[in-house]
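Student: Pasting a structure here, questions to come.
There are 2 protein chains.
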Amino acid sequence: MSEQERGVSVLYQNEENLWTPDEFTERLKSVGRSFYHDKHPFHVAMHEGKLSREQIRGWVANRYYYQKSVPIKDAAILSNLPSRELRRQWIGRIIDHDGMHGGDGGIEAWLKLGEAVGLSREEVEQEVRVVPGVRFAVDAYVNFARTKPWIEAVASSLTELFSPDLISKRMKVLERLYPWIDKSGFDYFQNRLTQAPRDSDTALKLVIAYCQTPAKQRRAVAALRFKCDVLWAQLDAIEKAFPSKT
Amino acid sequence: MSEQERGVSVLYQNEENLWTPDEFTERLKSVGRSFYHDKHPFHVAMHEGKLSREQIRGWVANRYYYQKSVPIKDAAILSNLPSRELRRQWIGRIIDHDGMHGGDGGIEAWLKLGEAVGLSREEVEQEVRVVPGVRFAVDAYVNFARTKPWIEAVASSLTELFSPDLISKRMKVLERLYPWIDKSGFDYFQNRLTQAPRDSDTALKLVIAYCQTPAKQRRAVAALRFKCDVLWAQLDAIEKAFPSKT
Numbered sequence: 002m003s004e005q006e007r008g009v010s011v012l013y014q015n016e017e018n019l020w021t022p023d024e025f026t027e028r029l030k031s032v033g034r035s036f037y038h039d040k041h042p043f044h045v046a047m048h049e050g051k052l053s054r055e056q057i058r059g060w061v062a063n064r065y066y067y068q069k070s071v072p073i074k075d076a077a078i079l080s081n082l083p084s085r086e087l088r089r090q091w092i093g094r095i096i097d098h099d100g101m102h103g104g105d106g107g108i109e110a111w112l113k114l115g116e117a118v119g120l121s122r123e124e125v126e127q128e129v130r131v132v133p134g135v136r137f138a139v140d141a142y143v144n145f146a147r148t149k150p151w152i153e154a155v156a157s158s159l160t161e162l163f164s165p166d167l168i169s170k171r172m173k174v175l176e177r178l179y180p181w182i183d184k185s186g187f188d189y190f191q192n193r194l195t196q197a198p199r200d201s202d203t204a205l206k207l208v209i210a211y212c213q214t215p216a217k218q219r220r221a222v223a224a225l226r227f228k229c230d231v232l233w234a235q236l237d238a239i240e241k242a243f244p245s246k247t
Numbered sequence: 002m003s004e005q006e007r008g009v010s011v012l013y014q015n016e017e018n019l020w021t022p023d024e025f026t027e028r029l030k031s032v033g034r035s036f037y038h039d040k041h042p043f044h045v046a047m048h049e050g051k052l053s054r055e056q057i058r059g060w061v062a063n064r065y066y067y068q069k070s071v072p073i074k075d076a077a078i079l080s081n082l083p084s085r086e087l088r089r090q091w092i093g094r095i096i097d098h099d100g101m102h103g104g105d106g107g108i109e110a111w112l113k114l115g116e117a118v119g120l121s122r123e124e125v126e127q128e129v130r131v132v133p134g135v136r137f138a139v140d141a142y143v144n145f146a147r148t149k150p151w152i153e154a155v156a157s158s159l160t161e162l163f164s165p166d167l168i169s170k171r172m173k174v175l176e177r178l179y180p181w182i183d184k185s186g187f188d189y190f191q192n193r194l195t196q197a198p199r200d201s202d203t204a205l206k207l208v209i210a211y212c213q214t215p216a217k218q219r220r221a222v223a224a225l226r227f228k229c230d231v232l233w234a235q236l237d238a239i240e241k242a243f244p245s246k247t
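Following this line, the structure appears as C-alpha cells:
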C-alpha cells in the first residue's frame, strides 16, 4: 500500500453522529484491516519466508526497543488514569512486560528470542542495531501516552485486537520457514496469544464506555490509526536498514 | 518554627565535595529533623489532643487528596524509571495504595479512616472539603514526579524515612486523646508502619547509588526539602481552613 493510499483515512467521512457500540467497534476494526502492520511489505516478506538471517536479526533487535518501551508507555497511562479501579485493570500490563522476578516477563522473553535468532543478550540490550526511525516512532508512542487524554492512549493500545492473528500466523511461519531459529525463543509470542485478547477486551470496553460523544469516538479511531502508523513506521525503518540482498 | 527559620536551608553551605554515603544519609535525615511536618503547629496540636472533631475531620478529608494522588505520583515515577529492575522495585508501591481487589489498599483504608472520624465515604471521595492550598501542594508533588529526573522524584519520597516515628506516635495519640474515633479506622497507619520503612530503605539505597556527583547529591537533598514543603503547605492550608475555636 502506498503512503498516499494509507493517507486516505477512514476517519473523516463528514459524519457527526454518535456510533452505536457495534458501529464504533466496526470502525476501530476497520482501521486494523486497512493500516495494521500485518500488511507491511517487510511482514509480508517475513511470512513468505523471504527474509535473511540478518533481516530477522535486525527486526528482533529493533523491535526490542518497542518492547522495552511498552511498560514505560503503560506506566504513563497508569499515571493518567482517573481512578484506582481503572489502575487496577491496567497495572497487570506492566507486570506482564517487566515481570516481578528473575526471568519473568515479556522483555526477558524478547531477549530470549534475540538469543534464539543468534543475537547476544548484550548487543540487544545495548541497542546497537536500533535505527533512528524506530526510536522516533516508539518515542512518539510513549509521548502520546504521556500527553494525550488517557482514553486516547487506551484506544491507541487497541492494535492488540489484531495481534493474535498475526502472532499465531507468525509462530507457524517462523517454525516452518526459518528452521534455524531456536524454538525456545517463541515464549514471547506464546504468552501474547493469551495476554493480548484479554488486554484488548479490557481496553475496548473502556473505549466504548468512555467515548460517549462523536468527537471522542473519532479521536479514539484516530488514536488507533496513529498507533498503526507507529508500528508501520518501525517496519519502514527496519526494511530500509536491513534490505533484501536481491 | 517561623517561615524565616524554615528558610534557613541546610542545603547551601558552599560545599562542593562529594559526601560519603553516611554523610549523604545524614544530610537527608537533617532535612527531616528541620522540615518534616511533625513539627507543624497543626500536628503538634493534634498530638496534644487539642484538635476539635471538625479539625480532625478536615485533616482526614483533605489528606485524602494526598492519598489518592500517591499512586498517580508513583506511576509517573514508574514511567520515568530507566530499567525493568527498577520498575520491579517500585511497582509494589502502587499496589500498596490502590490494592488489586475489593477493599484492599491504602486509599480504601483511608476512606475507612474517614468513616471512623464521622465522614461518609461519599463526601470524602467527592472532595467537598478539600481546600485549594492542599490541591496545589499535592499537584506540585505529582508534577515534580512527572517532570524531574527520576532520581530526584525518588529522593522526594524519602519523607518516609521520618513517617514511622510520626505514625506510631499518632496512633497512640489518636487512641488516647480522641477516643471518639472508631479504632477500626487505624488500618492505614498500621499498614504504613511496615510499608514505609521498606519503601524508604529501597529509595535511600537508590538515591545513594545513583547520586554520584556533588550536584546530584544536593539536588536529592533539595528534592526531599521540596517534599517536606509539600507536606508542610498542606497543613498550613488545613490549619487555615479549620481553625481552632479558641
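Here the protein sequences come in this chain order: B and S. 2 is the number of the first residue of the first sequence in our numbering; add one for each residue after it. 2 is the number of the first residue of the second sequence in our numbering; add one for each residue after it. Ideal Cβ placement from N, Cα and C applies to all residues, glycine included. Note that the structure is predicted; figures quoted are calculated from it, not measured.
For the alpha helix (DSSP H) that M47(B) lies in, which residues bound it at each end?
Tutor: Per DSSP, M47(B) belongs to the alpha helix (DSSP H) from 42 to 48.
Student: Would R220(S) be called buried (16 or more neighbouring beta carbons within 10 Å of its own) or exposed?
Tutor: The residue is buried, with at least 16 neighbouring Cβ atoms inside 10 Å.
Student: Mind pulling the chain S residues with CB within less than 9 angstroms of G104(B)?
Tutor: Result: empty, since nearest Cβ-Cβ is about 11 angstroms, beyond 9 angstroms.
Student: At a Cβ threshold of 9 angstroms, is S245(B) touching chain S?
Tutor: Not closer than 9 angstroms to any Cβ of chain S, the Cβ of S245(B) fails to qualify, so no.
Student: Listed in chain order, which residues of the region 66 to 94 of chain S have Cβ atoms closer than 7 angstroms to some Cβ of chain D?
Tutor: No chain D is part of this structure, whose protein chains are labelled B and S.
Student: Between which two residues does the alpha helix (DSSP H) containing T214(B) stretch?
Tutor: From DSSP, T214(B) is part of no alpha helix (DSSP H); its letter is neither H nor E.
Student: Assuming the contact rule is C-beta atoms closer than 8 angstroms, V131(B) and N63(B) should be a hit. Round their C-beta distance to whole Å, please.
Tutor: Going by Cβ atoms, the distance from V131(B) to N63(B) rounds to 5 angstroms, so yes, they are a contact pair.
Student: Please name the residue, chosen from A76(S), R199(S), R34(S), that lies closest to L87(B) on a Cα-to-Cα basis.
Tutor: Cα-wise, what sits closest to L87(B) is A76(S).
Student: Give me the Cα-Cα distance between E49(B) and K173(B), rounded to the nearest whole angstrom.
Tutor: Going by the C-alpha atoms only, they are around 11 angstroms apart.
Student: Does the CB of D237(S) have a neighbour CB from chain B at under 9 angstroms?
Tutor: Answer no: the Cβ-Cβ gap between D237(S) and chain B never drops below 9 angstroms.
Student: Under 9 angstroms, CB to CB, which of the residues in the region 154 to 181 of chain B have a partner in chain S?
Tutor: Listed by position along the chain: nothing, the set is empty.
Student: Between G50(S) and chain B, is any beta-carbon pair separated by less than 9 angstroms?
Tutor: Not an interface residue.
Student: Cα separation between I152(B) and V208(B)?
Tutor: For I152(B) and V208(B), the distance between alpha carbons rounds to 6 angstroms.
Student: Is D183(S) close to chain B, meaning its C-beta is less than 9 angstroms from at least one C-beta of that chain?
Tutor: Taking Cβ atoms only, chain B never reaches closer than 9 angstroms to D183(S), which makes this a no.
Student: So, is S80(B) buried or exposed, given that buried needs 16 or more other C-beta atoms within 10 angstroms?
Tutor: Under this definition S80(B) is a buried residue.
Student: Please state if the CB of W91(B) and the CB of T203(B) are separated by a distance shorter than 9 angstroms.
Tutor: Result yes, Cβ atoms of T203(B) and W91(B) sit closer than 9 angstroms.
Student: Can you give me the C-alpha to C-alpha distance between I95(S) and V71(S), rounded to a whole angstrom?
Tutor: The straight-line gap from Cα to Cα measures roughly 8 angstroms.
Student: Taking the alpha-carbon of R34(S) as reference, which of L167(S), R122(S), Q127(S) has the nearest alpha-carbon?
Tutor: Cα-wise, what sits closest to R34(S) is L167(S).
Student: With DSSP collapsed to three states, give me the class of T21(B).
Tutor: Of the three classes helix, strand and coil, the one that applies to T21(B) here is coil, per DSSP.
Student: Give the straight-line distance between the Cα atoms of G107(B) and V125(B), rounded to the nearest whole angstrom.
Tutor: Computed Cα separation, rounded: 14 angstroms.
Student: Exposed or buried, A1(B), counting other C-beta atoms within 10 Å across all chains shown (16 or more means buried)?
Tutor: Because chain B here runs from 2 to 247, residue 1(B) falls outside it and cannot be looked at.
Student: Could you check how far apart the C-beta atoms of P42(B) and E176(B) are, in whole angstroms? I think they sit under 8 angstroms.
Tutor: With 8 angstroms as the limit, P42(B) and E176(B) do not qualify as a contact, their Cβ atoms being about 22 angstroms apart.
Student: Give the range of the alpha helix (DSSP H) segment to which D68(S) is assigned.
Tutor: According to the sequence provided, residue 68(S) is Gln. The question's Asp does not apply to it. It spans 54 to 81 - the alpha helix (DSSP H) in which Q68(S) sits, taken as one unbroken run.
Student: Is R147(B) close to chain S? Criterion is C-beta to C-beta, closer than 9 angstroms.
Tutor: At least one chain S Cβ lies under 9 angstroms of R147(B).
Student: Determine the contact status of Q218(S) and L82(S), defining contact as a CB-CB distance below 9 angstroms.
Tutor: Not closer than 9 angstroms, so no.
Student: Any Cβ of chain S within less than 9 angstroms of the Cβ of G59(B)?
Tutor: No, because no Cβ of chain S sits closer than 9 angstroms to the Cβ of G59(B).
Student: Are any of the Cβ atoms in chain S nearer than 9 angstroms to that of D99(B)?
Tutor: Judged by the 9 angstroms Cβ criterion, D99(B) is in contact with chain S.
Student: Are the Cβ atoms of H38(S) and L232(S) separated by less than 9 angstroms?
Tutor: For H38(S) and L232(S), yes; Cβs fall inside 9 angstroms.
Student: Would you check if the region 109 to 122 of chain S and the region 183 to 191 of chain S touch, i.e. whether three or more CB-CB distances between them fall below 8 angstroms?
Tutor: Taking 8 angstroms as the limit for Cβ pairs, the verdict is that the region 109 to 122 of chain S does touch the region 183 to 191 of chain S.
Student: When you compare only the Cα positions, how much space is there between D183(B) and E116(B)?
Tutor: Cα to Cα, D183(B) sits roughly 8 angstroms from E116(B).
Student: Using CA coordinates, which residue listed in Y179(S), V155(S), Q127(S), R147(S) is at the minimum distance from Y1(S)?
Tutor: Residue numbering for chain S in the displayed model covers 2 to 247; residue 1(S) lies beyond these limits and cannot be assessed.
Student: By how many angstroms is the C-alpha of C212(S) removed from the C-alpha of S10(S)?
Tutor: Note that S10(S) has pLDDT 46, beneath the 50 cutoff, so the model's placement of it is unreliable and the number below is only indicative. Cα to Cα, the separation comes out at about 20 angstroms.
Student: Where does D183(S) fall in DSSP's three states?
Tutor: Here D183(S) sits in coil by DSSP.
Student: What span of residues does the alpha helix (DSSP H) with Y142(B) cover, start to end?
Tutor: First-last of the alpha helix (DSSP H) with Y142(B): 133 to 148.
Student: DSSP on K120(S), reduced to helix/strand/coil?
Tutor: For the record, residue 120(S) in the displayed sequence is Leu; it is not Lys. Coil at L120(S), not helix or strand.
Student: Figure out for me which residue from T21(B), D230(B), S201(B) has the closest Cα to the Cα of P134(B).
Tutor: The residue asked about is misnamed: residue 134(B) is Gly in this sequence, not Pro. Closest by alpha carbon: D230(B).
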